[in-house]
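Have a look at the structure below before the remarks.
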Amino acid sequence: MLLAQPDFADTPDSVLIAKAVTRAAEALGLRQAELAAIIGTSPSQVSKMKAGTGISGKPSELALYVIRVFRSLDAITGGDRSTVTAWMRNANSDLGGVPADLMASAAGLVTVMTYLDAARAPL
């Protein structure tokens with residue numbers, strides 16, 4: 142799999158997104174390598190993001206989806222970290238797989254995000 146080589150500009154917004162996505166991933170129980178695969182960058186870039194480097198381009202867009210997954214799941218579970226981690230690591234019959242695994246593709250990430258958005262705000 143080819144990894145994107147984004148332009149990591151250290152603008153205030155790009156640094157904020159990098160900080161937020163690394164915190165969201167941690168709260169979701171995602172490992173550094175998993176986050177890197179989800180947003181299409183390298184584990185070393187995720188380390189740099191944790192240290193204060195910004196993120197831009199496609200990885201930034203995907204990072205916003207990860208943040209949205211976290212926000213929805215956090216609201217649904219009332220912030221219970223063990224429930225969040227269990228939900229991320231166990232098979233979900235509605236989704237047809239394990240959410241953390243599904244999120245490794247952009248389509249899977251969008252599916253998980255849409256599912257949680259619907260669960261959070263039913264019609």
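Per this note's numbering, residue 142 is the first one in the sequence shown, and the count goes up by one each step.
Where is the CB? At the ideal position from N, CA and C, for every residue including glycine.
The model shown is predicted, which means the values in this text are computed figures rather than measured ones.
Beta-carbon within less than 6 Å of residue i's beta-carbon, same chain only, minus the 5 sequence neighbours each way: which residues are those?
i: K191; result: T163
i: P147; result: Residue confidence is low: P147 scores 48 on pLDDT, short of 50, so the model does not pin down where it sits. Its coordinate-derived value is still stated next. If we look at P147 and ignore the five residues flanking it on each side, its Cβ neighbours are S197, G198, P200.
i: G249; result: L243
Per DSSP, which residues does residue i bridge with? Please list them.
i: G238; result: N233
Check the C-beta distance from residue i over to residue j and give it rounded, since I have them as a contact under 8 Å.
i: G193; j: M229; result: 26 Å between Cβ atoms; not a contact.
i: G195; j: D151; result: 4 Å
i: A302; j: V207; result: No answer is possible for residue 302: it lies beyond the span of the chain, which begins at 142 and ends at 264.
i: L214; j: L257; result: 6 Å
i: V251; j: P240; result: Going by Cβ atoms, the distance from V251 to P240 rounds to 12 Å, so no, they are not a contact pair.
i: G181; j: L157; result: At roughly 19 Å, the Cβ-Cβ gap does not stay under 8 Å, so G181 and L157 are not in contact.
i: V119; j: T218; result: A question about residue 119 goes unanswered here, because the residues of the chain that appear run from 142 up to 264.
Are the beta-carbon atoms belonging to residue i and residue j less than 8 Å from one another?
i: Q186; j: A177; result: yes
i: A168; j: P184; result: no
i: S155; j: S201; result: yes
Which same chain residues end up closer than 8 Å to residue i when comparing Cβ atoms and leaving out the 5 residues on each side of it in sequence?
i: T255; result: none
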